[in-house]
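When you line the sequence shown up against UniProt numbering, it's residues 1 to 513, in that order. Just so you know, even glycine gets a beta-carbon here, dropped at the ideal spot from N, CA and C. Reading through the structure tokens given below for one structure.
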Amino acid sequence: MKQQVALAAVTTTAATVMAVVALVRQYWKAKQDRQWGKCQRILRKFARDCSTPVPKLWQVANAMVSDMEASLSLSDEATSSLNMFVSYVSPLPTGINEKGMFYGVNLRQTKIVMVCGRLQGKNQPISDLYVDEVPIPSSVMIGTSQELYDYIAAELVKFVSAHPEKDDEASANDKKLGFTVSSGDDQSTAISGSNIKLKNFAADTTGVKDLITGMNRALEKHGLKLRVHALVSIFTCLYYSINIVYKRHFRVDSDSRIEQVDDIIGNLAGGRYYDKDCVAAITLGMGMGTNAAYVDTTQSAPRWHDSLPKKGEIVVCMEWGNFNTCHLPITQYDTSLDAASSNPGHRIFEKMISGMYLGEIVRRVLVRMAQEAALFGQNVPPKLLIPYLLRSPDMAAMHQDTSEDREVITNLTTMTRELVAEVCDIVTERGARLAGAGTVAIVKKLGRIANRRSVIIMEGGLYEHYRIFRNYIHSGVWEMLGNELSDNIVVEHSHGGAGTGPLFLAASPTPDS
1 MKQQVALAAV TTTAATVMAV VALVRQYWKA KQDRQWGKCQ RILRKFARDC
51 STPVPKLWQV ANAMVSDMEA SLSLSDEATS SLNMFVSYVS PLPTGINEKG
101 MFYGVNLRQT KIVMVCGRLQ GKNQPISDLY VDEVPIPSSV MIGTSQELYD
151 YIAAELVKFV SAHPEKDDEA SANDKKLGFT VSSGDDQSTA ISGSNIKLKN
201 FAADTTGVKD LITGMNRALE KHGLKLRVHA LVSIFTCLYY SINIVYKRHF
251 RVDSDSRIEQ VDDIIGNLAG GRYYDKDCVA AITLGMGMGT NAAYVDTTQS
301 APRWHDSLPK KGEIVVCMEW GNFNTCHLPI TQYDTSLDAA SSNPGHRIFE
351 KMISGMYLGE IVRRVLVRMA QEAALFGQNV PPKLLIPYLL RSPDMAAMHQ
401 DTSEDREVIT NLTTMTRELV AEVCDIVTER GARLAGAGTV AIVKKLGRIA
451 NRRSVIIMEG GLYEHYRIFR NYIHSGVWEM LGNELSDNIV VEHSHGGAGT
501 GPLFLAASPT PDS
């Protein structure tokens, strides 16, 4: 009898334990379902807020066209989020007569990059392309400007000796040298009035005139038949037929302007060399900002009519990262990103489409899901709380992972991995389609949509390596224009590769030729 009672008690206890376990499982299952449902609601709202249907894309494009026209107009009352400026007035390459070996130098924060290549005219590709990076010694970094120029010239002697011109390419006259100065993301190079400021150097401020004079003095001293050309500007200042590059917008004094030839102008020159219908270039890098430039006529810029030639082509630098309109699909995550940035209220378009910010938008969405819906468990991963730790290359790797279980994303359930990929897709689609709308806006501003072929050059890792981003740009442009007109806009990757722009600008004819 006692054994029966004991057995019944054990059975009852076991049943109770099983019931408790079942209730606990049911509780946790219900909690997980609620949390997952919350993640899905956050995701769906984010997708709605980011949506870019064709009518919205046209609203964005039309608003950009209006801002472009206002930025170039004479009227002081015309308001524009864009601060466009004429960046280049020298002729662009034709792709026909540019032949021979050309050389370029890019002065960066702690190194110089030398590039050379042979152009063969008739739209033929670059051959014998060579690039060499040389670190700048600390002794030069703390020296004078002229010591820097002498160091560059000495390194250039070695580079030219290793990659010389052919005998039939040698000229009795000095050849134009493509010379560029690039700033990093930390604004290590800036310009104010007629001064260039190199923050990493002891002699950190030099006049633009002084740079050209000093560099040419060094080139002559070392026996090089290359010259950085300076031309008297029609802007009542100086223009440079070689390219001095700044990757960030700068301001100039009202009575002293110089020609700013951005990296993107070199890309545009390369595009024109290969295709006479190339009208614009756009930069979309993985870890940097974005910009656009296009070719127009002097008549299109009434603000500068008094200082431009009566006719001919000009290149307009848009600084389109500054673009803003009420039609942009801005979310709470964009607003918080902007508020925490170093330039709140500025460069809104850039913060929605450039590789510098896409990963950060994804991170902010995932943080909210982690905090409010325990997407990654009860504790938010500490690294997820670090701003800008999630970079665009990481985002692209997760998004484009074609393995069955998305193996790039580790230590997560399959469902969680898919949700992370969906967030990446929403951010990517919105950014790419907005960039596509900007592309259409440029062509519309030029009046070429309906009846002329227009080639747009895209440069940067975001376009080159992020396949899904690239595809969304193309599909967005196609949806906006439809079957009948979409063939009139050709979006393609730049020719020649990154860094070759100085060669094309060095090969460009000078205005008086």
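Asked	Found
In the DSSP assignment, what are the bridge partners of H493?	M458
Using three-state DSSP, classify Y130 as helix, strand or coil.	strand
Are the CB atoms of M369 and I42 within a distance shorter than 7 Å?	yes
Skipping 5 residues on each side, what residues in its chain have a beta carbon closer than 7 Å to that of V60?	T325, H327, L328, L434 and A437
Is there contact here, the region 459 to 470 with the region 277 to 292, by at least three beta-carbon pairs under 8 Å?	yes
Within the continuous alpha helix (DSSP H) that includes M288, where are the two ends?	That residue, M288, is in no alpha helix (DSSP H); it is neither H nor E in DSSP.
Closest by CA to V113, which one among K444, G270 and E133?	E133
Around the Cβ of H399, are there at least 16 other Cβ atoms within 10 angstroms (buried) or fewer (exposed)?	buried
Please go through the same chain and pick out, in chain order, the residues whose beta-carbon is closer than 8 Å to the beta-carbon of G121, but skip the five residues on each side of it.	G95, I96, N97, E98 and K99
Give the DSSP bridge partners of G104, in chain order.	V115 and G178
By DSSP, does P509 sit in helix, in strand, or in coil?	coil
Report the partner residues of D296 according to the DSSP bridge assignment.	I314
Going by DSSP, which residues form a beta bridge with P135?	K111
Buried or exposed for P502, please, with buried defined as at least 16 other CB atoms from any protein chain shown within 10 angstroms of its CB.	buried
Relative to the alpha-carbon of I330, which residue among M352, P309, S342 and G345 has its alpha-carbon at the smallest distance?	M352
Relative to the alpha-carbon of F85, which residue among S145, R227 and V295 has its alpha-carbon at the smallest distance?	V295
On a CA-only basis, which of S73, S66 and L57 is nearest R303? Give me that one, please.	S73
By Cβ distance, which residues of its chain are closer than 7 Å to Y472, with the 5 residues on each side in sequence left out?	T428, E429, A432 and R433
Tell me whether A437 sits in a helix, a strand or coil according to DSSP, three-state version.	helix
Compute the beta-carbon to beta-carbon distance between residue 514 and G359, rounded to the nearest angstrom, for a pair I have assumed lies under 8 Å.	The structure shown does not extend to residue 514, since the chain is modelled only from 1 through 513, so no value can be given for it.
V115 and D275: beta carbons closer than 7 Å?	no
For the structure I just gave you, are there three or more beta carbon pairs, one from the region 366 to 380 and one from the region 48 to 57, closer than 8 Å?	no
Quick check on residue 514: does DSSP put it in helix, strand or coil?	This structure cannot speak to residue 514, because the chain is shown only from 1 to 513.
Report yes or no: do three or more beta-carbon pairs, one from the region 480 to 500 and one from the region 309 to 319, lie closer than 8 Å?	no
Once DSSP output is grouped into helix, strand and coil, what is the label at R347?	coil
Would a C-beta distance cut-off of 7 Å place L308 and T297 closer than the cut-off?	no
How many Å lie between Y333 and F349 at the Cα?	14 Å
Candidates W320, K175, N488 and P509: which alpha carbon is nearest S71's?	W320
Between which two residues does the alpha helix (DSSP H) containing I468 stretch?	R467 to S486
What are the residues that DSSP puts in a beta bridge with T410?	Beta-bridge pairing links T410 to no other residue.
Grouping DSSP H, G and I as helix and E and B as strand, with all else coil, what is C50?	helix
Can you tell me the Cβ-Cβ gap for S392 and G355, rounded? I've got them flagged as a contact below 8 Å.	4 Å
Taking only three categories from DSSP, how would you classify L238?	Only weak support exists for where L238 lies, its pLDDT of 29 falling under 50; the value from the coordinates is given anyway. Reduced to three states, the DSSP call for L238 is strand.
From what residue to what residue does the beta strand (DSSP E) around V279 run?	C278 to L284
Measuring alpha carbon to alpha carbon, tell me which of I426, V362, G461 and S486 ends up nearest N451.	S486
Can you give me the start and stop residues for the alpha helix (DSSP H) that Q332 sits inside?	Q332 to A340
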